[in-house]
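**Student:**
Number of protein chains: 4
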Amino acid sequence: MPDIPTDAQQACFEAGIKFGSLYHQFAGTPVSPASTGSLETAMAEAIENQPHCESVSVDILDDRVADAIDHEEGYAELTGSLMEVEMRIDYEGTTVRTRMAMADGYPRMRLVAVEA
Amino acid sequence: MPDIPTDAQQACFEAGIKFGSLYHQFAGTPVSPASTGSLETAMAEAIENQPHCESVSVDILDDRVADAIDHEEGYAELTGSLMEVEMRIDYEGTTVRTRMAMADGYPRMRLVAVEA
Amino acid sequence: MPDIPTDAQQACFEAGIKFGSLYHQFAGTPVSPASTGSLETAMAEAIENQPHCESVSVDILDDRVADAIDHEEGYAELTGSLMEVEMRIDYEGTTVRTRMAMADGYPRMRLVAVEA
Amino acid sequence: MPDIPTDAQQACFEAGIKFGSLYHQFAGTPVSPASTGSLETAMAEAIENQPHCESVSVDILDDRVADAIDHEEGYAELTGSLMEVEMRIDYEGTTVRTRMAMADGYPRMRLVAVEA
């Protein structure tokens, strides 16, 4: 039978929202090695605006962006394989750490740790 | 100290990812009362493609869309106040039910129930 | 020196807006062969809401979607290489036809014809 | 009967693509007065990556963002009424200037000048 969600479950739900938001807001953004820095900062600061989001770190990998560039157009489109992301969510005393990185050739969002 | 996430916590994380994805993928889409039906179906089927997502129901509210229309342009942009969403996530035997609806004048994503 | 834009130039500007809107609104959407139909319809109807946009046709290519699927996740993310798009814009008596399709391995948005 | 597009028409089409791209890529981004600066820079640098785009200036209006904030959530979602944008496109010797600002209560994208 259904249970009232615990604070730890709520914290994990909030962590997931932030990850889905970050990914689907910014996927497709035109990016080149010259613009990774401003995009990393904007993505982190945008998602840190959301409630319970203590810190976001975005690393867009210049070498993968360079490899992904459409040379006639001169840029790549941001996608999960071009970046690594870490986030810390705090919800009513529970801290959740999450991470997105490549695994088996695909980007994966992972729940790293839940600390009560 | 950090604990290994439980299946229920993983299920809540997955539920959050789906909600953030749906919202930030489709927010801003041009919508009118004539196009709410196709957008509801596409949003539900798109997010149901994601792993562990059993069902998604999207209700874009025609009367609120009609009120939000920019009459010179002839359409509104989809935002949280124009829709209600319900989702069911299944992860390793845990079912999570979530819902987005208006509360106190703002759209809120809620974890409704976690069933082991 | 600057000239006041002609109706044909305005029509081309409007055509470009529709193409950029369609692409960046929907790029990144989770898609599988089972959901291409609903997404095609929703994309076309969404952009047809915009002013001066007479018709939009979106063809998401099932075989390319099937090839692009991340088999652990079970879906692909919509991008330009998975679809072909045609649009007709009418502005004050000028008709503009545009098309996006692959050329030299990359998706290209093209102004096909301007008819006064 | 259809004519081959002129360079000025191509330039206007390119200008429209950039405007639609900027708007629909970034609409919905969580924003607060503390994060307008990084978002303005990232939006401009992202779109400047696109071909023929010489300069983009984005001004997100802190006072309008402050008024739009959902005080329980602590942020607003970026939309056209919260920003002003200017762009310059160069295509084969034609320069196009465009601008988005509020008019009659709604944000409007305008072709300001076409200079051969």
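These protein sequence lines are chains D, F, X and B, in that order. Counting from 1, position 73 in the first sequence corresponds to residue 1315 in the numbering used here; the numbering is continuous, with no gaps. Counting from 1, position 54 in the second sequence corresponds to residue 1296 in the numbering used here; the numbering is continuous, with no gaps. Counting from 1, position 90 in the third sequence corresponds to residue 1332 in the numbering used here; the numbering is continuous, with no gaps. Counting from 1, position 105 in the fourth sequence corresponds to residue 1347 in the numbering used here; the numbering is continuous, with no gaps. Positions of the beta carbon are idealized from the N, C-alpha and C atoms, including for glycine. What you are looking at is a predicted structure, and each value in this text was computed from that prediction instead of being measured.
#1: So the candidates are B/L1303, B/S1274 and B/P1293; which of them puts its Cα closest to the Cα of B/E1334?
#2: X/P1293 by DSSP, collapsed to three states: which one?
#3: Using the Cβ count rule (16 or more neighbours within 10 Å means buried), how would you classify X/G1347?
#4: Which of the three DSSP states, helix, strand or coil, is assigned to X/L1320?
#5: Compute the Euclidean distance between the alpha carbons of F/D1245 and D/G1258, then round it to the nearest angstrom.
#6: My guess is that F/T1340 and F/A1269 are in contact by the Cβ rule of under 8 angstroms, so how many angstroms apart are they, rounded?
#7: Flag X/M1285 as yes if its beta-carbon sits less than 9 angstroms from any beta-carbon of chain A, otherwise no.
#8: Taking B/A1342 and B/E1326 to be in contact with their CB atoms under 8 angstroms, please state how far apart those CB atoms are, rounded to whole angstroms.
#9: Following the continuous beta strand (DSSP E) through D/E1328, name the residue where it begins and the one where it ends.
#10: Under 7 angstroms Cβ-Cβ, which residues of chain F neighbour B/G1258?
#11: Would the beta-carbon of X/M1285 fall within 9 angstroms of that of X/L1303?
#12: Leaving out five residues before and five after D/E1256 in sequence, what residues of the same chain have Cβ atoms less than 6 angstroms from its Cβ?
#13: Can F/S1229 and X/S1280 be called in contact, C-beta distance under 9 angstroms?
#14: For chain B, find out if any of its Cβ atoms is closer than 9 angstroms to the Cβ of X/T1248; answer yes or no.
#15: Can you find the residues in the same chain that come closer than 6 angstroms, C-beta to C-beta, to F/S1297, ignoring five residues on each side of it along the sequence?
#16: Considering only their Cβ atoms, is the gap separating B/A1250 from B/V1338 smaller than 9 angstroms?
#17: With H, G and I counted as helix, E and B as strand and the rest as coil, what does DSSP make of X/E1282?
#18: What is the residue span of the beta strand (DSSP E) that X/L1353 lies within?
#19: Beta-carbon separation of B/A1276 and D/N1291 under 9 angstroms?
#20: Anything in chain B within Cβ reach of F/E1328, meaning under 8 angstroms, just list it in chain order.
#21: Can you give the beta carbon distance from X/D1301 to X/E1282, rounded, assuming they're within the 8 angstroms contact cut?
#22: Roughly how far, in whole angstroms, is the beta-carbon of X/V1273 from the beta-carbon of X/A1318, given that I think they are within contact range, below 8 angstroms?
#23: Which word fits F/H1266, buried or exposed, when buried means at least 16 other C-beta atoms lie within 10 angstroms of its C-beta?
#24: Ignoring anything shorter than 4 residues or poking outside the region 1245 to 1285 of chain X, list the alpha helix (DSSP H) runs there in chain order.
#25: Apply the 10 Å Cβ neighbour rule to D/G1316 and answer buried if 16 or more other Cβ atoms are within range, or exposed otherwise.
#26: Among F/P1349, F/T1248 and F/L1353, which has the Cα closest to the Cα of B/E1314?
#27: State the start and end residues of the unbroken alpha helix (DSSP H) segment that holds F/D1304.
#28: Do we get a CB-CB distance below 9 angstroms when we pair B/C1338 with the residues of chain X?
#29: Identify every residue that forms a DSSP beta bridge with B/A1288.
#30: Less than 9 angstroms between the beta carbons of F/A1253 and F/V1356, yes or no?
#31: Please list the residues of the region 1344 to 1357 of chain D that have a C-beta atom closer than 7 angstroms to any C-beta atom in chain F, keeping them in chain order.
#32: Between X/C1254 and chain B, is the shortest Cβ-Cβ distance under 9 angstroms, so that the two count as touching?
**Tutor:** Short version:
#1: B/P1293
#2: coil
#3: exposed
#4: coil
#5: 18 angstroms
#6: Incorrect: roughly 17 angstroms between the Cβ atoms, too far for contact.
#7: In the displayed structure, chain A is absent; the protein chains listed are D, F, X and B.
#8: First, the residue type needs correcting, since residue 1342 of chain B is Met and not Ala in the sequence shown. So it is a contact: roughly 6 angstroms between Cβ atoms.
#9: M1325 to Y1333
#10: By Cβ distance, chain F contributes nothing, its closest Cβ being about 15 angstroms from B/G1258, past 7 angstroms.
#11: no
#12: H1294, I1331 and Y1333
#13: Residue 1229 of chain F is absent from the structure shown; chain F starts at 1243 and stops at 1358.
#14: yes
#15: R1330
#16: yes
#17: helix
#18: Y1348 to E1357
#19: yes
#20: Chain B residues near F/E1328: none, gap ~21 angstroms exceeds 8 angstroms.
#21: 7 angstroms
#22: 6 angstroms
#23: buried
#24: 1249 to 1268
#25: exposed
#26: F/P1349
#27: D1304 to A1310
#28: The amino acid at residue 1338 of chain B is misidentified as Cys; the sequence shows Val. With 9 angstroms as the cut-off, B/V1338 counts as an interface residue toward chain X.
#29: B/A1288 is not bridged to any residue.
#30: yes
#31: M1351, L1353, A1355, V1356 and E1357
#32: yes
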